[in-house]
Amino acid sequence: MDGKISWTVADAVDYKGFPADRSKTGGWVPAALVLGIEICERLSTMGIAVNLVTYLVGVMHLPSSTSANVVTDFMGTSFLLCLLGGFLADSFLGRYKTIAVFSIIQTLGTGALAIATKLPQLRPPPCHASASSHTCKPANGFQMGILYVALYVIALGTGGLKSSVSGFGTDQFDEKDEKEKAQMTYFFNRFFFFISTGTLTAVTVLVYLQDEVGRSWSYGICSVSMLVAILIFLSGTKRYRYKKSLGSPIVQIFQVLVAAINKRKMELPYNVELLYENTPEAQRIHHTDQFNFLDKAAIVDEGDFERNIVSAPNPWKLCSVTRVEEVKMMVGLMPVWATTIIFWTTYAQMITFSVEQASTMERSIGGFLIPAGSLTVFFVSAILITLAVYDRLIMPAWKKWKGKPGFTNLQRIAIGLVLSTFGMAAAALAEKKRLEVAKTAGATAKTPTTTLPISVFFLIPQFFLVGAGEAFIYTGQLDFFITQSPKGMKTMSTGLFLTTLSLGFFVSSFLVSVVKRVTGGSNGGQEWLADNINHGRLDLFYGLLAVLGIINFVLYLVCAMWYKPRNQKPGLQMEAIVNGSSAENKC
5 MDGKISWTVA DAVDYKGFPA DRSKTGGWVP AALVLGIEIC ERLSTMGIAV NLVTYLVGVM
65 HLPSSTSANV VTDFMGTSFL LCLLGGFLAD SFLGRYKTIA VFSIIQTLGT GALAIATKLP
125 QLRPPPCHAS ASSHTCKPAN GFQMGILYVA LYVIALGTGG LKSSVSGFGT DQFDEKDEKE
185 KAQMTYFFNR FFFFISTGTL TAVTVLVYLQ DEVGRSWSYG ICSVSMLVAI LIFLSGTKRY
245 RYKKSLGSPI VQIFQVLVAA INKRKMELPY NVELLYENTP EAQRIHHTDQ FNFLDKAAIV
305 DEGDFERNIV SAPNPWKLCS VTRVEEVKMM VGLMPVWATT IIFWTTYAQM ITFSVEQAST
365 MERSIGGFLI PAGSLTVFFV SAILITLAVY DRLIMPAWKK WKGKPGFTNL QRIAIGLVLS
425 TFGMAAAALA EKKRLEVAKT AGATAKTPTT TLPISVFFLI PQFFLVGAGE AFIYTGQLDF
485 FITQSPKGMK TMSTGLFLTT LSLGFFVSSF LVSVVKRVTG GSNGGQEWLA DNINHGRLDL
545 FYGLLAVLGI INFVLYLVCA MWYKPRNQKP GLQMEAIVNG SSAENKC
């Protein structure tokens, strides 16, 4: 048997539900059809996010802080809905149907956004660049309502889509077959390349089209591109391999919590071997003393077993020690999870206030005007440069010095947090300089889009530092949540990681609202986040984020020292994540 190749894949079926024929299904060609969906998703989401704030301020005439919150709420919701998409894929639809349904939803959303930005009835009348910003009529409730509907339909499509694309691509390869395992690595390389390609195209070509040709054309291109990608994706229906859904780990976690709460008054046995365990020996997780309250879910009590089947307990009443330990492992990740949220709050400023800063600065190179949203190309470039430097220079040097193949996941997260804090400090200094120029030029009485005699390249340090920080913290978080989570909850742990992105955007919205209220000028002071950023003190807001970053870093160090890593497989290194070892878990 070992010398022969099986013609069927053990854990996969074809579109008719029969065991998948290795020669007729799966492999590189079907996996490649999935990549078109991914590049179009990146094109749409990033193309909208990085330049939306300029549309809200310049066309819809919204205040600076309100515009920033619209963007961060949109992005936060997109990532949060990854959990919904993952739950539906794991429990009901499967990855193929989830991709098909939610990609269509995103197409409808981008089409609606193209219409919303095209029709003059759906935006307020323009105001003159020389007029006072107070004379500009802001968008009314109906106009904003249409815009919100389009944005959140896109968020729904993005969240559901992102949760399954990479996983369905890897379903096309059999890890037990050496040849297909090598092909999977090639797919991972292409997957990351397509993500980068989509993002770079979005922040350069697409943003340029939005500013110079028209947003409706740009969003229309996104919608048509996704429609073509969907047709290509559906064309491979007969060639795909489909994995059966194993159920959502969220349900398993709730089962442990419910069983433990219902038995909260019971005493734990003196000998832990008396706790219930039915997991095969090879798959068991040994009992630990952390979070002892959860052990009560494994106490055997009368009525825990089903009446008809003695060997099958009611999972809502009795859970195995292994199942309880899996939940303990997930709970143990929470302190580190909580202390990484602030990074993504910092990240949110790169696509909101930093873009708004850029829109007021000199952006011309010769006769070419750089779109404000395209400044994020320095952010993306910083990520790619950092990954390359780490792979080619830092890792070999670290291995010679310490004998280890690179920084640990917790060390990489720490580096990312430090770099983001320095990024906010650099942003505060750059904004202070910009405000001085604005005051000298007398621009504070003009519109927030007045071009100031200061180069936009003063903003490069903040983009580069936060971008380099993301290269470390993204790979560190992904490594940490994958290697330190139970095998059966990898999807859940990846979803947990993605919630840090979502909550980071929501925390940004919350901070902006609080700062806006506290420094609103009613106490006689200067408003930090004024409707016209030339009137405000955005530098102090950036400084606040830098201080919060320092406090958060101290808390992170405490949590990192408290955390006791389980004996898992070796950590995924940064270049492995780039080259694919964990790309199946990337949203």
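Its first residue numbered 5, the sequence shown is counted upward by one per residue in the numbering used here.
For each residue, glycine too, the CB sits at the ideal point set by N, CA and C.
For clarity, every value in this text was computed on a predicted model and none was experimentally measured.
Beta-carbon to beta-carbon, G508 and I345 are separated by about 5 angstroms, close enough to satisfy the 8 angstroms threshold. Rounded to the nearest angstrom, the gap between the Cα atoms of A342 and A36 is 36 angstroms. By the Cβ-count criterion, P569 is exposed, with fewer than 16 other Cβ atoms from all chains shown falling within 10 Å of its own Cβ. Setting aside the 5 residues that flank it on each side, M230 is surrounded in the same chain by C44, S48, S107, Q110, T111 and T114, each with a C-beta closer than 7 angstroms to its C-beta; the list follows chain order. Exposure of Q125 is indicated by the presence of fewer than 16 other C-beta atoms within 10 angstroms of its C-beta. Where P23 is concerned, the enclosing beta strand (DSSP E) starts and stops at P23 to D25. Residue pairing by DSSP places P317 opposite F309 in a beta bridge.
When the beta-carbon positions are compared, V262 and W320 come within less than 8 angstroms of each other. For I150, the closest of R541, Y351, V328 and P128 by C-alpha to C-alpha distance is P128. Under DSSP, T12 forms a beta bridge with D25.
For K247, DSSP records a beta bridge to A16. A direct Cα-to-Cα measurement between R26 and L238 gives close to 20 angstroms. The closest CA to that of P23, considering only L502, L85 and K248, is found on K248. Following the DSSP letters along the chain, one finds S82 inside the alpha helix (DSSP H) bounded by residues S68 to L92. S168 and C323 have their C-alpha atoms spaced approximately 29 angstroms apart. Cβ atoms of N73 and S513 come within 8 angstroms of each other, at about 4 angstroms.
Judged by DSSP in its simplified three-state form, M365 adopts strand. Per DSSP, P339 is one residue of the alpha helix (DSSP H) stretching across M338 to A342. Approximately 53 angstroms separates the beta-carbon atoms of R268 and K242; this is outside 8 angstroms, ruling out the contact. Within a 10 Å sphere around the beta-carbon of F501 sit 16 or more other beta-carbons, which makes this residue buried. The Cβ atoms of S358 and Y212 lie no closer than 8 angstroms to each other. Judged by DSSP in its simplified three-state form, F295 adopts coil rather than helix or strand. Across the set A392, V519, F177 and I419, the C-alpha of I419 shows the shortest separation from the C-alpha of G480. In the displayed model, I236 falls within a helix according to three-state DSSP.
The continuous beta strand (DSSP E) containing I458 extends over residues L456 to S459.
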